[in-house]
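Engineer: Just so you know, we're using my numbering here: the sequence shown kicks off at 5 and counts up by one.
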Amino acid sequence: MRLQSELPCLFFVADWHALTTHYDDPSVIETSTWDMLIDWLAAGVDPSQATLFIQSKVPEHAELHLLLSMATPLGWLERVPTYKDQQEKLADRDLATYGFLGYPLLQAADVLIYRASQVPVGDDQVPHIEMMREIARRFNHLYGKEKGFEVKAQEAVKKLGSKRAKLYNELRTQFQQQGSESALEQAKAMLDDAQNLSMIDRERLFGFLEGSRKLILSEPQALLTESSRLPGLDGQKMSKSYGNAIALREEKDVVAKKVRTMPTDPARVRRTDPGDPDKCPVWQFHVVYSDNATREWAAKGCRSAGIGCLECKQPVIDAIVREQEPMHERAQQYLDDPSLVRAIVADGCDHARKLAQDTMRDVREAMGLSYS
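Printed below as a string of structure tokens:
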């Protein structure tokens, strides 16, 4: 919610990704797609500030995925931590497909096609972002041969203004001739602060600074929230695929039932057994949802066996229900009139596709596929 008022944001439903684990029964995907969009609108995503769209409505994602696959080493995909983790967790599904192996590469295409600077993720996805950076770096190294690059870079330097242009050239010389890392960092910081540069000029200057070629694809950074990992109801990673998640618009009685049946510290076999909050998944929900006084009450009561586990869970239930009440209210207009959601998504898809097409023109030209 904060990001959409600070930066131009694109939020999309990854329906192609859903096929990696539901390819044999895709019937649930359409309903889930519209439900997710309503969830976002109900949570407060504002279509006048952010772009909402559906992945499969922008076919350029698939094209970039295909082109990136031509030069991505197989070992990069096999080493992604979540690849083996999901194979173990979803042992009841046949995941021995290229689609499942290659989904981090499709993820990379999803991000790189918009030349995104930041990607909001949980900390389990940080390795995926690092791989995106490596893929962008490799692509730029292989194909970053812009005609007249130096001339265009020099023109971009002039746009910095005379003082900054002079400093940029001095720092560039210090780095390239003396290997000064501090000069490199200072120059990068100056470029980050330069508000009057277009994205492509900024990329040219980064490349010119380091003596590299044109940056066709930008390297994104992971953006972690304060609560970048929340356990699922069973204490493992929370995921819809694992069936251990709380949806944004759950009914009150469903929330209560899910939280009440959560496992707690195994040491608390009886009501009178003391426990350790750090060994209890419910405590992680207190960290996110409870105020200081409630957390102190829960921690003290757990360690002394002064409260039971059901008592400890009640403030969490109340906080989740309280958080979701306005979401139910905001969702109702979209449930009553689904055409509102479809209109928002149609506009979002048009905007996203224009951005994607701009990137793909550069990609095709770099790869020698821009036939005239």
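Note that CB positions come from ideal geometry on N, CA and C, so glycine has one too.
Excluding the 5 residues preceding and the 5 following His332 in the sequence, name in chain order all residues of the same chain whose CB lies nearer than 8 Å to its CB.
Structural biologist: Reading the sequence shown from its first residue, position 328 is the one you call residue 332. Around His332: Ala46 and Arg253.
Engineer: Grab me the residues of Ala360's own chain with a C-beta within less than 6 Å of its C-beta, minus the 5 sequence neighbours each way, in chain order.
Structural biologist: Translated into positions along the sequence shown, residue 360 becomes position 356. Cβ within range, chain order: Val62, Glu64 and Ile117.
Engineer: Please classify Leu373 as buried or exposed, where buried requires at least 16 other C-beta atoms within 10 Å of its C-beta.
Structural biologist: Along the sequence shown, one-based indexing puts residue 373 at 369. When all chains shown are included, Leu373 counts as exposed.
Engineer: How long is the line joining the alpha carbons of Cys13 and Thr229, rounded to whole angstroms?
Structural biologist: Counting from one through the sequence shown, the residue named residue 13 turns up at place 9. Counting from one through the sequence shown, the residue named residue 229 turns up at place 225. Answer to the nearest angstrom: the Cα atoms are 16 Å apart.
Engineer: Please name the residue in Trp80, Phe57, Ala112 and His26 whose C-alpha comes closest to that of Pro224.
Structural biologist: Locating residue 224 in the sequence shown gives position 220, counting from the first residue. If we check each option's Cα against that of Pro224, Ala112 comes out closest.
Engineer: Taking 8 Å as the cut-off, does the region 343 to 359 touch the region 50 to 58 (at least 3 CB pairs, one atom from each stretch)?
Structural biologist: Judged by Cβ distances under 8 Å, the region 50 to 58 makes contact with the region 343 to 359, as three or more pairs qualify.
Engineer: What span of residues does the beta strand (DSSP E) with Gln225 cover, start to end?
Structural biologist: Locating residue 225 in the sequence shown gives position 221, where the first residue counts as 1. Looking at the DSSP string, the run of the beta strand (DSSP E) that includes Gln225 is Gln225 to Leu228.
Engineer: When the Cβ atoms of the region 258 to 270 are set against those of the region 308 to 326, are three or more pairs found closer than 8 Å?
Structural biologist: Contact between the region 258 to 270 and the region 308 to 326 is present, because at least three Cβ pairs lie under 8 Å.
Engineer: Return the residue from the list Met5, Pro281, Glu154 and Arg142 that minimises the CA-CA distance to Gly215.
Structural biologist: Position 211 of the sequence shown, counted from the first residue, corresponds to residue 215. Out of Met5, Pro281, Glu154 and Arg142, Glu154 has the C-alpha closest to the C-alpha of Gly215.
Engineer: Tell me which same chain residues have a C-beta within less than 7 Å of the C-beta of Leu175, skipping the five on either side of it?
Structural biologist: Residue mapping note: residue 175 aligns to position 171 of the sequence shown, counting from 1. Excluding sequence neighbours, Leu175 sits near Ala187, Gln190 and Ala191.
Engineer: Quick one: grab the DSSP three-state call for Leu56.
Structural biologist: By one-based count along the sequence shown, residue 56 stands at place 52. In the structure shown, Leu56 sits in a strand (DSSP, three-state: E or B).
Engineer: For Leu234, does the three-state DSSP call read helix, strand or coil?
Structural biologist: Sequence index remark: in the sequence shown, residue 234 carries index 230 (1-based). It is coil, neither helix nor strand.
Engineer: Can you tell me where the alpha helix (DSSP H) holding Phe292 begins and where it ends?
Structural biologist: Within the sequence shown, numbered from 1, the residue matching residue 292 stands at position 288. Per the sequence presented here, residue 292 reads as Val, with Phe not at that position. Counting along the chain, the alpha helix (DSSP H) containing Val292 begins and ends at Pro285 to Tyr293.
Engineer: If we ignore side chains and look at the alpha-carbon of each, how far apart do Glu300 and Gly310 end up?
Structural biologist: Residue 300 sits at position 296 when you count from the first residue of the sequence shown. Residue 310 sits at position 306 when you count from the first residue of the sequence shown. Approximately 12 Å, taken between the alpha carbons.
Engineer: I'd like to check one pair, Gly247 with Pro285: are the Cβ atoms closer than 8 Å?
Structural biologist: Taking the first residue of the sequence shown as position 1, residue 285 is located at position 281. Taking the first residue of the sequence shown as position 1, residue 247 is located at position 243. No, the pair does not count as a contact, with Cβ atoms beyond the cut-off.
Engineer: Roughly how many whole angstroms lie between the Cα atoms of Ser2 and Ile139?
Structural biologist: Past the edges of the chain, shown from 5 to 376, lies residue 2, and the structure says nothing about it.
Engineer: Quick check on Pro30: buried or exposed, where buried means 16 or more other Cβ atoms within 10 Å of its Cβ?
Structural biologist: Here residue 30 refers to the residue found at position 26 when the sequence shown is read from its first residue. Result: exposed.
Engineer: Identify whether Val32 lies in helix, strand or coil by the three-state DSSP scheme.
Structural biologist: As a position in the sequence shown, residue 32 is number 28, starting the count at 1. If DSSP states are grouped into helix, strand and coil, Val32 belongs with the helices.
Engineer: Along the beta strand (DSSP E) that carries Leu14, what are the first and last residues, could you check?
Structural biologist: Translated into positions along the sequence shown, residue 14 becomes position 10. From DSSP, the beta strand (DSSP E) with Leu14 extends over Leu14 to Val17.
Engineer: Restricting to runs no shorter than 3 residues, where is the beta strand (DSSP E) found entirely within the region 153 to 232?
Structural biologist: Within the region 153 to 232, the complete beta strand (DSSP E) runs of at least 3 residues are 225 to 228.
Engineer: Given a cut-off of 8 Å on the beta-carbon distance, is the pair Ala303 and Pro281 in contact?
Structural biologist: Numbered from its first residue, the sequence shown carries residue 303 at position 299. Numbered from its first residue, the sequence shown carries residue 281 at position 277. Contact flag set, yes.
Engineer: What are the complete alpha helix (DSSP H) segments, minimum 4 residues, inside the region 248 to 332?
Structural biologist: The region 248 to 332 contains these whole alpha helix (DSSP H) runs: 256 to 264, 285 to 293 and 296 to 308.
Engineer: Can you give me the C-alpha to C-alpha distance between Leu41 and Lys170, rounded to a whole angstrom?
Structural biologist: Numbered from 1 along the sequence shown, position 37 holds the residue referred to as residue 41. Numbered from 1 along the sequence shown, position 166 holds the residue referred to as residue 170. In a straight line, the C-alpha of Leu41 is about 48 Å away from that of Lys170.
Engineer: Taking buried to mean at least 16 other C-beta atoms within 10 Å of its own C-beta, is Arg208 buried or exposed?
Structural biologist: Position 204 of the sequence shown, counted from the first residue, corresponds to residue 208. Buried is the call here.
Engineer: Among Val349, Val32, Gly148 and Thr86, which has the Cα closest to the Cα of Asp366?
Structural biologist: For the purposes of this step, residue 366 is taken as residue 362 along the sequence shown, with counting starting at 1. Minimum Cα distance to Asp366 is reached at Gly148.
Engineer: In terms of residue numbering, what span does the alpha helix (DSSP H) encompassing Pro108 cover?
Structural biologist: Counting from one through the sequence shown, the residue named residue 108 turns up at place 104. Pro108 -> alpha helix (DSSP H) spans Tyr107 to Leu116.
Engineer: DSSP has Val123 in a bridge; who is on the other side?
Structural biologist: Here residue 123 refers to the residue found at position 119 of the sequence shown. Val123 is bridged to Ala226.
Engineer: Determine which residues share a DSSP beta bridge with Lys241 and list them.
Structural biologist: Position 237 of the sequence shown, counted from the first residue, corresponds to residue 241. Paired residue(s): Pro235.
Engineer: Put Pro131 into one of helix, strand or coil per three-state DSSP.
Structural biologist: For the purposes of this step, residue 131 is identified with residue 127 of the sequence shown, where counting begins at 1. Note: Pro131 maps to helix in three-state DSSP.
Engineer: Answer yes or no: do Leu221 and Asn173 have a C-beta to C-beta separation smaller than 8 Å?
Structural biologist: Taking the sequence shown and counting its residues from 1, one reaches residue 221 at position 217. Taking the sequence shown and counting its residues from 1, one reaches residue 173 at position 169. The answer is no: Cβ separation not under 8 Å.
Engineer: Please determine, among Met242, Leu7, Thr35 and Ala22, the residue with the shortest C-alpha to C-alpha distance to Ala54.
Structural biologist: Taking the first residue of the sequence shown as 1, we reach residue 54 at position 50. Cα-wise, what sits closest to Ala54 is Leu7.
Engineer: For a test of the three-state rule: what should DSSP assign to Pro63, helix, strand or coil?
Structural biologist: In the sequence shown, counting from the first residue as 1, residue 63 sits at position 59. Pro63 falls in the coil class under three-state DSSP.
Engineer: Measure the Cβ-Cβ separation of Arg233 and Asp128 and say whether it is below 8 Å.
Structural biologist: Mapped onto the sequence shown, residue 233 falls at position 229. Mapped onto the sequence shown, residue 128 falls at position 124. Yes, the pair counts as a contact, with Cβ atoms nearer than the cut-off.
Engineer: Can you give me the C-alpha to C-alpha distance between Gln122 and Pro131, rounded to a whole angstrom?
Structural biologist: In the sequence shown, the residue the question calls residue 122 occupies position 118. In the sequence shown, the residue the question calls residue 131 occupies position 127. Their Cα atoms are separated by approximately 14 Å.
Engineer: Given that a residue counts as buried once 16 or more other Cβ atoms are within 10 Å of its Cβ, and exposed if not, what is Asp295?
Structural biologist: Position 291 of the sequence shown, counted from the first residue, corresponds to residue 295. It counts as exposed.
Engineer: From Gln158 to Ala18, what distance separates their C-alpha atoms?
Structural biologist: Here residue 158 refers to the residue found at position 154 of the sequence shown. Here residue 18 refers to the residue found at position 14 of the sequence shown. Distance between the alpha carbons of Gln158 and Ala18: 40 Å.
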